[in-house]
Amino acid sequence: MSQEMISQEALLQVKNFTLRVDSKILVADLNWTVHAGERWCLIGRNGAGKSTLLKAIAGMQSQLYMDGNIQWKGRDLPLCTPEELSKLRAYGEQFPVGGIGLRSIDIVLASQWPWRGDASPNEALNHALAALARCDVEHLAYASWQFLSGGERQRVSLAACLAQSTPVLILDEPTAHLDIHHQVTLLETLVQASEACQQTVIASLHEIGLIGRGFTHALIFTGKVGGYLAGPIDEVVNSQTLEESLGHPIEEMTAGSGIRVYIPV
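Following the numbering used here from start to finish, the sequence shown increments by one per residue and tops out at 600.
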């Protein structure tokens with residue numbers, strides 16, 4: 336199969352989809368298609384529905400709060416078994432939680448359970464350590480989760496997602512709690528993996544200054560009831576759409592490197 340054909344494969348299709356919490360409509364009549372190798376950022380205010388939508392497409396949101404259809408590779412989401420979903424997408428929480436007494440390495444090893452019969456214990460351990468190294472927390476492999484900082488927990492959680500080697504990463508605010516250096520290097524890691532093996536990334540984002548660092552597409556919650564914009568970054572992201580979405584004046588600048596940067600004013 337050619338690289339062009341792979342890039343056009345529809346991994347995720349959301350059709351005529353409405354998502355609500357109680358009587359509040361978060362997004363209405365959403366029609367959204369995600370292809371292999373695309374990197375989507377979800378943008379919107381607190382409470383707009385970014386996290387709820389990510390949970391919905393990941394199969395972690397109650398069907399009671401949604402109408403419409405979600406398909407993974409043409410298969411309706413409710414028909415996908417937990418093991419099928421676990422081999423298709425990895426989900427990173429906004430506030431990662433780990434059990435008392437667990438070490439970082441334990442959390443990353445546990446994330447590999449769908450593939451437990453495909454690798455020896457040594458191979459699984461090496462794979463987990465490599466994932467921790469990619470997130471710059473290999474030195475914390477045997478540290479207790481309960482003593483990690485918020486940023487360290489976030490990076491261990493991201494390592495657990497990377498260790499699953501899934502075609503799709505669904506990440507809820509992956510740069511939250513991270514210092515600037517780790518925000519940038521994390522996005523560079525995601526872009527490199529995406530470009531190397533057509534891994535798809537769908538991530539919510541509050542740091543608008545990072546939008547230009549490797550995302551190819553955006554889904555913007557417009558601020559109007561149920562409203563959204565979806566498409567390539569160059570078509571849907573600008574200072575006006577960001578202002579309408581976030582409710583604050585935004586300026587657009589171009590850095591010396593050529594990266595477009597958005598700044599609240």
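Cβ atoms here follow ideal geometry from the backbone N, Cα and C, with glycine treated the same way.
Note that the structure is predicted; figures quoted are calculated from it, not measured.
What's the call for residue i, buried or exposed, on a 16-neighbour Cβ count within 10 Å?
| i | result |
| --- | --- |
| V560 | exposed |
| A494 | buried |
| A590 | exposed |
| V472 | buried |
| V600 | exposed |
| M340 | Bear in mind that the predicted position of M340 carries a pLDDT of just 39, short of 50, making it unreliable; the figure below should be weighed with that in mind. Flag for M340 reads exposed. |
| Q447 | buried |
| A454 | exposed |
| E458 | exposed |
| G387 | Correcting the residue type first, residue 387 is Thr in the shown sequence and not Gly. It is buried - the Cβ of T387 has at least 16 other Cβ atoms within 10 Å. |
| R469 | buried |
| T501 | buried |
| F482 | exposed |
| S337 | At S337, the pLDDT of 37 sits below 50, so the modelled position is not reliable; the number obtained from the coordinates is stated separately. Classification for S337: exposed. |
| M588 | exposed |
| S529 | buried |
| S492 | buried |
| V356 | exposed |
| E508 | buried |
| A466 | buried |
Between residue i and residue j, which are expected to be in contact by the criterion C-beta below 8 Å, what is the C-beta distance as a whole number of angstroms?
| i | j | result |
| --- | --- | --- |
| L347 | I392 | 6 Å |
| W424 | I505 | In the sequence as presented, Trp is not what sits at residue 424; that position holds Arg. Confirmed, about 5 Å. |
| S479 | R438 | 6 Å |
| I405 | L414 | No, I405 and L414 are not in contact; Cβ-Cβ is about 11 Å, not under 8 Å. |
| L377 | A538 | 7 Å |
| E428 | P449 | In fact, because the Cβ distance is near 18 Å, the residues do not count as touching under 8 Å. |
| G566 | G582 | So it is not a contact: roughly 21 Å between Cβ atoms. |
| M395 | Y426 | 7 Å |
Please tell me whether residue i and residue j are closer than 8 Å, where the distance is taken between their beta carbons.
| i | j | result |
| --- | --- | --- |
| T551 | L564 | no |
| V526 | R374 | yes |
| T510 | L521 | yes |
| H517 | G486 | yes |
| T353 | G384 | no |
| R548 | I594 | yes |
| E578 | I568 | no |
| A371 | Q533 | yes |
| L513 | W367 | no |
| F556 | S580 | yes |
Does the ligand PLP have a heavy atom nearer than 7 Å to the CB of residue i?
| i | result |
| --- | --- |
| L423 | Ligands are entirely absent from the displayed structure, and the ligand PLP is therefore not among its contents. |
Count Cβ pairs between the stretch 414-433 and the stretch 441-451 that sit closer than 8 Å; are there 3 or more?
They touch, by the three-pair rule.
Could you tell me whether the stretch 541-550 touches the stretch 458-467, where touching means 3 or more Cβ pairs closer than 8 Å?
In this structure the stretch 541-550 does not lie against the stretch 458-467, because fewer than three pairs of beta carbons, one per stretch, are closer than 8 Å.
Curious, which full-length alpha helix (DSSP H) runs of at least 4 residues does the stretch 479-544 contain?
Segments of the alpha helix (DSSP H) lying fully in the stretch 479-544: 485-498, 515-532.
3-residue-minimum beta strand (DSSP E) runs that sit fully inside the stretch 344-387, ordered along the chain
Taken in chain order, the unbroken stretches of beta strand (DSSP E) that lie wholly in the stretch 344-387 and span 3 residues or more are 345-356, 359-370, 374-378.
Going residue by residue through the stretch 376-463, where are the continuous beta strand (DSSP E) segments of at least 3 residues, counting only ones entirely within it?
Runs of beta strand (DSSP E) with 3 or more residues, each lying fully within the stretch 376-463, are found at 401-407, 424-427, listed in chain order.
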